[in-house]
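Heads up: the sequence shown begins at 2 in this note's numbering, then just goes up one per residue.
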Amino acid sequence: RSLGSLGFKLKRLATNARRRSCDLVSSIFSSVLLFYNSKSRVQLRHLTLNIVFCTLKIVSKCRFVDKKHTFFSFYAGYFVQAIINNFIPLLFLTFQDSFNLSYDKISLLIVINFGVQLCVDFLSAYFIDKIGYRVSVIAAHVFACIGLGGLSIFPFIMNPYAGIILSIIIYATGSGLIEVIISPLVEACPSDSKAGAMSLLHSFYCWGQMCVVLFSTLFFNISGIGNWRLLSLLWACVPLINGIYFCLVP
Numbered sequence: 002r003s004l005g006s007l008g009f010k011l012k013r014l015a016t017n018a019r020r021r022s023c024d025l026v027s028s029i030f031s032s033v034l035l036f037y038n039s040k041s042r043v044q045l046r047h048l049t050l051n052i053v054f055c056t057l058k059i060v061s062k063c064r065f066v067d068k069k070h071t072f073f074s075f076y077a078g079y080f081v082q083a084i085i086n087n088f089i090p091l092l093f094l095t096f097q098d099s100f101n102l103s104y105d106k107i108s109l110l111i112v113i114n115f116g117v118q119l120c121v122d123f124l125s126a127y128f129i130d131k132i133g134y135r136v137s138v139i140a141a142h143v144f145a146c147i148g149l150g151g152l153s154i155f156p157f158i159m160n161p162y163a164g165i166i167l168s169i170i171i172y173a174t175g176s177g178l179i180e181v182i183i184s185p186l187v188e189a190c191p192s193d194s195k196a197g198a199m200s201l202l203h204s205f206y207c208w209g210q211m212c213v214v215l216f217s218t219l220f221f222n223i224s225g226i227g228n229w230r231l232l233s234l235l236w237a238c239v240p241l242i243n244g245i246y247f248c249l250v251p
């Protein structure tokens, strides 16, 4: 009887998980269609909030106790850093044509990105221990999500160049925190092979770089580079989901 009850509970959990996953997929597709029908600011906000709401609903009942989920979240964090550093260079020519940016201004975007990351790396030594590592790493993903999502919004509600710079500053802050926090956390977590875990961690940046280039190129070939704002919102979902993941791992 106890085995039958356990089997029934597992079946119910699996059914609920599939239903929640379908809710998320359905929400994303409906939001994408909404985006194509109207590209106004209201529809963009609706797209973002709809994905955020469904993601929160899916993970609200999830809890993870296995330390392997902690390592998965670390690896995904380096994937997020790869998105931050490699997505916007794919849009430099588009920015140049759409916003009439000179080569000097385009080059300055690179300087700002890595300059902010270096400043965050330096300053983080003074506040990470005070606010805690979990709070810091979740905040890093919040910054990354806002910066990547804002890239599709800020240039169109203010001066375009200032909007791009604002987005870069926000997500570069998140990238700097990820760089400082995640490697020490992997080193501190108990593992059968610390060297293997560190090697796998840094390999995820390379895998992330490859995925960003390949997926973005495929997206641009299918839907056109003019829809880069939608792709920016889709990439912003990665730090959003991983930030929530960090809230649930041990």
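Glycine included, C-beta positions come from ideal geometry on N, C-alpha and C.
- Membership of Asp-130 in the alpha helix (DSSP H) is indicated by the continuous run 129-132.
- Rounded to the nearest whole angstrom, the C-alpha separation of Asn-228 and Thr-174 is 26 Å.
- With a threshold of 16 other beta carbon atoms within 10 Å, Phe-128 falls short and is exposed.
- When rounded, the separation of the alpha-carbon atoms in Ile-179 and Tyr-79 is 7 Å.
- Between Ser-217 and Phe-88, the C-beta gap is smaller than 8 Å, which places the two residues in contact.
- By the 16-neighbour rule on beta-carbons within 10 angstroms, Leu-232 is buried.
- The Cβ-Cβ distance between Ile-170 and Val-117 falls below 8 Å.
- Contact between the stretch 69-77 and the stretch 199-211 is present: 3 or more CB-CB pairs across the two stretches fall below 8 Å.
- In the three-state DSSP reduction, Asn-86 falls in the helix class (H, G or I).
- In the structure shown, Ile-154 falls within a coil segment according to DSSP collapsed to helix, strand and coil.
- Excluding the 5 residues flanking it on each side, Thr-71 has same chain C-beta neighbours closer than 7 Å at Cys-190, Val-250, Pro-251, in chain order.
- Annotated three-state conformation of Pro-191 is coil, per DSSP.
- Leu-241 and Val-143 have their alpha carbons spaced roughly 7 Å apart.
- By the neighbour-count criterion, in which a residue is buried when 16 or more other Cβ atoms sit within 10 angstroms of its Cβ, Gly-177 is buried.
- With a beta-carbon spacing of about 18 Å, Ile-84 and Ile-166 fall beyond the 8 Å limit used to define contacts.
- With the rule of 3 Cβ pairs closer than 8 Å, the stretch 100-115 does not count as touching the stretch 124-140.
- Annotated three-state conformation of Leu-149 is helix, per DSSP.
- A distance below 6 Å between beta-carbons, with the five flanking residues on each side excluded, links Val-181 to the following residues of its chain, in chain order: Asp-122, Ser-125.
- Within 10 angstroms of the beta-carbon of Phe-157 lie fewer than 16 other beta-carbons, which makes it exposed.
- Going by DSSP, Leu-91 is part of no alpha helix (DSSP H) at all; its letter is neither H nor E.
- In this structure, Ala-237 sits away from Gly-164, with a CB-CB distance that is not shorter than 8 Å.
- Taking 8 Å as the cut-off, the Cβ atoms of Ala-145 and Tyr-172 count as close.
- Looking only at Leu-234, Phe-155, Ile-139, the smallest Cα-Cα distance to Ile-245 is reached by Ile-139.
- Counting along the chain, no alpha helix (DSSP H) covers Val-250, and no H or E run does either.
- Exposed is the label assigned to Arg-135, since fewer than 16 other Cβ atoms lie within 10 Å of its Cβ.
- Here DSSP, grouped into helix, strand and coil, assigns Gly-175 to helix.
- DSSP places Gly-116 in the uninterrupted alpha helix (DSSP H) bounded by 104-124.
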